[in-house]
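Read the structure below first, then the notes.
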Amino acid sequence: MPSDRTRALILDAAERLYAERGFADVTLRDIVATAGVNLAAVNYHFGSKDELIAELFATRGIATNRERLAELKAAEMAGGGRAEVKAILRALIGPTLRGCLGPEDERSTAARFMIRASIESVPPIRRIKNREVDHLRKFAGAIQRSLPDCDEADLYWGLHFALAMAHQTTRDAERLTKLSEGQCDVNDVEAVIDRIVEAAAMTLTARPIASRTPARNPEAAGLKRAAVRLKG
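Everything in the sequence shown is counted per this note's numbering, starting at 40 for the first residue and increasing by one.
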């Protein structure tokens, strides 16, 4: 069997098994049995189970990041080099949500694998997430151009919150449906994206918490004055 064909069979089998059963419950022997290859082939092409998981996640992640950046570029071109903040956020979270949400019969093995990766986040996946942030810096730069007065820390918090809302929605879509008794329709993917974009945009355009003047508390102020008088 040609080497490239063997590699593809292993990747396909691993992705399907991980998507269905999770990372902890799938062994390399399960994968080679499904792929119809021998264990030596996995060791030859990937070296270990962690390296195999990393290859799968990196491959899917590259595709998602490419789509994100294409949407960001289109938004900036449409805005003459300065996209609206909501368009930037839509480019950031849209590809992930479109790939992972929707009717069950339309959900691909790749989507189910990425949902599983989001839920379990095993060490090889965490290492990739923590290492590969350059594409996110491009979104940070786009937001800075869109909101030049935005504090840099607030900018990164806004990105973080947008990603967190998207990831939580993909992880717990079923629970949300049950909790809301079907009122929250996660199959209406564009509506879900709209909601997350609106919420994330508010965190970027609202007045920063750190700069707000604390509201006066007359009762607390009175107690403080009384304490000063007693000390005197």
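Idealized CB from N, CA, C, for every residue including glycine.
- Put simply, the backbone Cα of A52 is about 42 Å away from that of L243.
- Within the same chain, Cβ atoms closer than 7 Å to the Cβ of S157 are found at H206, T209, R210, the five residues on either side in sequence being excluded.
- If you draw a 10 Å sphere on the C-beta of M204, you find 16 or more other C-beta atoms in it, and that means buried.
- Put simply, the backbone Cα of S185 is about 29 Å away from that of L140.
- Per the C-alpha coordinates, the member of A102, A122, Y57 positioned closest to G138 is A102.
- Judged by DSSP in its simplified three-state form, C189 adopts coil rather than helix or strand.
- Look at D173 here: in three-state DSSP terms it is helix.
- Distances from the alpha-carbon of V161 to those of L218, G221, L95 put L95 closest.
- Secondary structure of F62 (DSSP, three-state): coil.
- Secondary structure at A179: helix, using DSSP grouped into helix, strand and coil.
- Taking the Cα positions, W196 is about 12 Å away from I182.
- At the C-beta level, V231 and K125 stay beyond 8 Å of one another.
- Below 8 Å, too few C-beta pairs join the region 63–73 and the region 111–119 to call them touching: fewer than three.
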